[in-house]
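These notes are about the structure you will find just below.
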Amino acid sequence: MLPHPELNTIAEWIKQASNVAVLSGAGISTESGIPDFRGPNGLWTKNPEAMRMSDIHYYMNDRDVRVASWKSRLDSPVWSAEPNAGHRALVDLERKGHLHSLVTQNIDGLHLKAGTSPEILVEIHGTAHDVLCMNCGERAPMERALARVRGGEEDPPCRTCGGILKSATISFGQSLVEEDLQRAETAAADSDLFLAIGSSLEVYPAANLPAIALRSGAKLIVINNESTPFDIHAEAVINEPIGETLPRILELL
Ligand code: NAD
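Numbering (my numbering), first residue to last: -5 to 247.
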């Protein structure tokens, strides 16, 4: 773990900032047992074929991809995962009055489960806890669709219109929800301190948020195991586990 001075400096910046925004990526949830995509143990690193299940084109046009997606949803670690020390530290940061916005690329719902207020949270890639009909737009709890899969439906259609059901997440090739994108961009533009936590910062437009914050004059801090394309623009880069780093910063506040 890092020497204290660098974490002390970050704690000071947090205290001095008038608007702190956080962007979290899959890296904050790996310590809850949910693998990321691009890290050394990431789903795509180990199985590049898995990328097809996250691509809207393959999902909509290939029944085999949908059947494989429903199977993998059944076994997803998301349903039983619990928030870890990193998620909880962000709740503490909010309760201490130091967190104004939390934009997450994650679809696991763990920030909400940890206690982050919905008002400051933007789940920019949606949530895995709901399903959406790709034809009529009807939304329903994921659990109901999973029960149908357990009951033998390999690719359960929408009960209202027969359309294709998908988790209410943004797949590659899909546009973000305009309102969520607006809220996220405003959060970045309004911040004077922007922390990018556990994101490879390679997925756009989410990765555009640190750029927006920098353009508005914010300080950027990157906390991630691996290097990111934004490290050269950051005031501090911490290549340490999030679940250890965030609580230590909180202790110094
Ligand atoms: P990513 O997989 O591209 O990057 C995650 C980064 O976190 C990697 O650089 C990795 O080295 C780092 N990391 C992993 N564990 C860490 C730890 N304990 N401490 C510090 N760093 C750690 O993830 P991404 O940039 O978020 O992009 C993938 C997209 O896929 C996301 O936008 C999201 O929509 C989706 N996704 C979500 C989840 C989830 O909800 N938990 C999981 C996988 C993928």
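Built from N, CA and C at the ideal position, the CB exists for glycine as well.
The structure displayed is predicted, hence computed values, not measured ones.
Item to check | Where residue 6 sits in the DSSP three-state scheme | outcome: helix
Item to check | Backbone CA spacing between residue 37 and residue 79 [nearest angstrom] | outcome: 23 Å
Next on the checklist: Let me check understanding here. Comparing Cα to Cα, which of 93, 209, 47 lies closest to residue 110?
Outcome noted: Answer by Cα proximity: 93.
Item to check | Own chain residues within Cβ distance below 6 Å of residue 183, not counting five before or after | outcome: 206, 210
Checklist entry - Alpha carbon to alpha carbon, what distance is there between residue 18 and residue 45? => result 21 Å
Checklist entry - Unbroken alpha helix (DSSP H) runs of length 4 or more, entirely within the stretch 190 to 242: which are they? => result 202 to 209
Checklist entry - Does the ligand NAD have a heavy atom nearer than 7 Å to the CB of residue 131? => result no
Checklist entry - Short check: CB of residue 120 to CB of residue 164, under 8 Å? => result yes
Checklist entry - the ligand NAD heavy atoms versus the CB of residue 225: any closer than 7 Å? => result In this structure, residue 225 has its CB at a distance of at least 7 Å from all heavy atoms of the ligand NAD.
Next on the checklist: For the beta strand (DSSP E) containing residue 121, name the first residue and the last one.
Outcome noted: 120 to 127
Next on the checklist: Quick check for students: name the residue ranges of the alpha helix (DSSP H) that lie wholly in the stretch 96 to 175, counting only runs of 4 or more.
Outcome noted: 104 to 108, 136 to 144
Item to check | Contact test: residue 154 Cβ vs the ligand NAD heavy atom, cutoff 7 Å | outcome: no
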